[in-house]
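In the numbering used here, each number is its position in the sequence shown, counted from 1, plus 4.
The C-beta atom is built at its ideal place from N, Cα and C for all residues, glycine as well.
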Amino acid sequence: MIGHHLRGVSLAAITCAVLGLSACATTGSTPDDTAAKPSKERTLAAGLDPATTLDPYPSTYQPMPRENFAVVGATVLTGTDRKIENGVVVVTDGKIAAVGDASTPVPSGYRVVEARGRYVTPGVIDVHSHLGVYPSPGVQGMSDGNEATNPNTAQVWAEHSLWPQDPGFNTARAGGVTTMHILPGSANLFGGRGVTIRNVPSITMQGMKFPAAPYTVKMACGENPSRVYGGRNQSPATGMGNMAGYRAAFIAAREYKAKWDKWHETGEGTAPTRNLQNETLAGVLDGSILIQNHCYRADEMALMMDMAKEFGYRIATFHHATEAYKLAPQLAANGICAAMWTGWWGFKMEALDAIEENAALVDAQQGSCAVIHSDDAELTQRLNQEAAAALSAGRRAGLNISEEHAIGWFTSNAAKAIGIADQTGSLTPGLRADVVIWSADPFSIYARADQVFIDGALTFDRSNPAYQPTSDFELGQPGYGLTAANVTEGAR
């Protein structure tokens with residue numbers, strides 16, 4: 005009780021008097037001149053302070069059983085603009101240890117994977133997926149991707165809808181996909197947070213969640229929000245209504261952030277009431293949450309870039325970005341990735357002005373970040389083919405694009421787009437050993453992923469049913485158990 009009532013100057017003075025410390029008299033001031041200020045150490049009840057709940061649903065992901073190995077003899081596309089004929093990739097403790105030509109030493113005791121005549125790439129990354137939130141079977145009871153109840157649902161998180169048993173995860177893995185970014189749908193101006201996952205079998209979402217991957221938020225511009233809410237005779241019903249809605253939300257988030265910043269700094273008064281919607285957008289404002297922006301038209305992308313400057317945040321990636329080619333220099337100048345299809349177009353007005361050369365033209369800019377994405381449970385199985393079509397279109401347009409560069413469209417650039425390039429996306433020593441061994445050149449329509457490693461663990465093997473996980477919801481479906489292309493049961 006004495007320490008409580010007699011703190012600060014009084015406690016210091018009593019201490020000096022009792023102990024007779026001469027040093028106290030020569031300091032010129034007491035050691036606690038700030039005692040009159042409010043304490044910064046005030047704490048709130050669990051769950052009420054956003055600063056203490058940055059990751060309330062933490063990853064429990066653990067790599068599958070693995071061993072040290074080396075892939076030898078393959079053509080290696082590193083994801084860093086390198087192509088190595090007769091290359092070697094060494095994996096130690098789930099990390100890339102070395103990448104080089106045939107002279108690269110393989111440590112004693114390592115398993116050697118002979119891949120002569122085949123290709124090796126980083127794991128495929130799909131930056132736009134709805135697997136788990138719009139799973140198969142596609143029934144109403146599992147349609148959990150759009151919280152289409154308000155134009156701003158920044159408070160919802162896709163991971164809270166993610167169903168790990170979705171069979172689509174298995175088929176995506178058979179297409180070489182090792183990492184996926186799962187987003188809410190695009191009905192709303194702010195659809196909610198996205199989550200990045202490791203494409204491994206798991207009972208829980210947390211068991212798939214990519215450790216230390218940044219949170220993201222899905223925004224949608226264009227026809228979707230104005231059609232959904234205009235159809236209900238409410239705002240937004242137009243493009244200008246969309247913009248007004250975004251701006252109002254960021255104004256509220258900026259005020260919310262300022263209140264919490266002040267309270268954390270001074271401890272004065274009552275703490276603000278936690279608001280999950282504003283909390284997500286405050287994370288955008290401080291740079292901890294990355295914007296993933298559904299946006300087709302170039303003019304609307306330009307508006308979004310101006311709005312980012314108005315409120316002082318940055319956009320990580322425009323998704324779909326059908327007209328990205330029209331403002332490719334601006335995207336590069338602002339450090340914004342564009343995630344695109346090659347052949348999807350014409351299914352609504354804002355998707356009409358598409359060209360197959362889109363990704364190649366975006367990529368041609370200095371400092372660009374072109375990405376191929378899926379937004380589809382089937383296309384995610386063939387992102388390599390979608391990239392091959394974009395590569396071919398670019399070459400026909402006169403652009404000199406190498407395969408070792410284009411592989412980055414669904415590996416290293418994709419990792420950059422969702423903020424995980426420091427962990428995966430390329431065959432760089434020290435990064436996670438997410439590796440795909442392809443039966444042929446991955447830009448060939450005949451190429452199939454033979455083996456897929458995640459953190460150095462074999463998670464798919466086309467020739468071994470033991471490494472072909474099957475969801476309960478695949479059992480008994482048409483075609484299950486039939487052989488395909490002389491491959492054993494279960495392979496996809």
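CA nearest to the CA of residue i, picked from the options
i: Q472; options: P109, V80, V128, A176; result: A176
i: F173; options: P333, A381, N192; result: A381
i: Q385; options: A421, A355, A453; result: A453
i: K263; options: D53, Q481, Y484; result: D53
i: A257; options: R120, A286, E314; result: A286
i: F447; options: G196, E314, A325, R122; result: R122
i: T47; options: A275, T415, A392; result: A275
i: F73; options: Q481, F457, D465; result: F457
i: R301; options: M353, Y260, A363, I293; result: M353
i: T463; options: N90, V439, S190; result: V439
i: L387; options: T415, E272, E408; result: T415
i: E407; options: G113, G234, V124; result: V124
i: A248; options: Y219, A444, M311; result: M311
i: C341; options: A358, D97, Q369; result: Q369
i: D97; options: V75, E71, L81, Y114; result: E71
i: G371; options: D445, L335, Y219; result: L335
i: A401; options: E361, W267, V181, I411; result: E361
i: A2; options: T56, L356, N90, M68; result: Past the edges of the chain, shown from 5 to 496, lies residue 2, and the structure says nothing about it.
i: S443; options: S107, R120, T64, R115; result: R120
i: R278; options: A355, Y260, G271; result: Y260
Where residue i falls, given that 16 or more other Cβ within 10 Å makes a residue buried
i: F351; result: exposed
i: Y317; result: buried
i: V128; result: buried
i: H323; result: buried
i: L479; result: exposed
i: P109; result: exposed
i: P35; result: For P35, the predicted model reports a pLDDT of 41, less than 50, meaning its position is unreliable; a value from the coordinates is still stated below. It is exposed - the Cβ of P35 has fewer than 16 other Cβ atoms within 10 Å.
i: H164; result: exposed
i: V22; result: The predicted position of V22 is uncertain, since its pLDDT is 34 and thus under 50; a value taken from the coordinates is nonetheless stated next. When all chains shown are included, V22 counts as exposed.
i: P111; result: exposed
i: P171; result: buried
i: E390; result: buried
i: P155; result: buried
i: Y484; result: exposed
Extent of the continuous alpha helix (DSSP H) to which residue i belongs
i: L387; result: 387–400
i: N228; result: 227–234
i: H185; result: Not the alpha helix (DSSP H): H185 falls in the beta strand (DSSP E), residues 181–186.
i: E269; result: 243–270
i: R177; result: 172–178
i: D303; result: 302–315
i: G287; result: 280–290
i: L335; result: 332–337
Reduced DSSP secondary structure (H/G/I, E/B, other) of residue i
i: P215; result: coil
i: N362; result: helix
i: L479; result: coil
i: I411; result: helix
i: Y123; result: strand
i: N203; result: coil
i: K420; result: helix
i: A425; result: coil
i: D367; result: helix
i: A325; result: coil
i: Y114; result: coil
i: H298; result: strand
i: A49; result: coil
i: T157; result: coil
i: M223; result: strand
i: A374; result: strand
i: A162; result: helix
Unbroken beta strand (DSSP E) run spanning residue i, endpoints
i: N90; result: 87–96
i: S140; result: Per DSSP, S140 belongs to no beta strand (DSSP E) and is neither H nor E.
i: Q455; result: 453–458
i: S133; result: 128–133
i: K99; result: 99–104
i: F447; result: It is not in any beta strand (DSSP E) - F447 carries neither H nor E in the DSSP assignment.
i: K344; result: According to the sequence displayed, residue 344 carries Met and not Lys. That run of the beta strand (DSSP E) goes 341–344.
i: W442; result: 439–442
i: L81; result: 73–81
Short CB-CB distance (under 8 Å) between residue i and chain C
i: V117; result: The chain inventory of the structure shown lacks chain C, comprising one protein chain alone.
beta-carbon residue i near the ligand SAM non-hydrogen atom, thresh 7 Å
i: E354; result: Annotation note on the ligand SAM: not contained in the displayed structure, which lists no ligands.
Give a yes or no on contact between the stretch 101–110 and the stretch 56–66, applying the rule of three or more CB pairs nearer than 8 Å.
No, the stretch 101–110 is not in contact with the stretch 56–66.
With a threshold of 8 Å, are at least 3 pairs of Cβ atoms found where one atom belongs to the stretch 242–258 and the other to the stretch 278–293?
Below 8 Å, enough C-beta pairs join the stretch 242–258 and the stretch 278–293 to call them touching: three or more.
Quick one: any contact between the stretch 426–446 and the stretch 186–195, if contact means 3 or more CB pairs under 8 Å?
no
Between the stretch 81–100 and the stretch 229–239, do three or more beta carbon pairs fall short of 8 Å?
no
Counting Cβ pairs closer than 8 Å, one from the stretch 236–248 and one from the stretch 195–214, do we hit at least three?
no
When the Cβ atoms of the stretch 205–214 are set against those of the stretch 288–296, are three or more pairs found closer than 8 Å?
no
Using 8 Å as the threshold, is the stretch 323–343 in touch with the stretch 151–161, meaning 3 or more CB pairs across them?
no
Whether or not the stretch 335–350 and the stretch 135–153 are in contact is what I'm after, with contact meaning three or more pairs of Cβ atoms, one per stretch, closer than 8 Å; do they touch?
Contact between the stretch 135–153 and the stretch 335–350 is absent, with fewer than three C-beta pairs closer than 8 Å.
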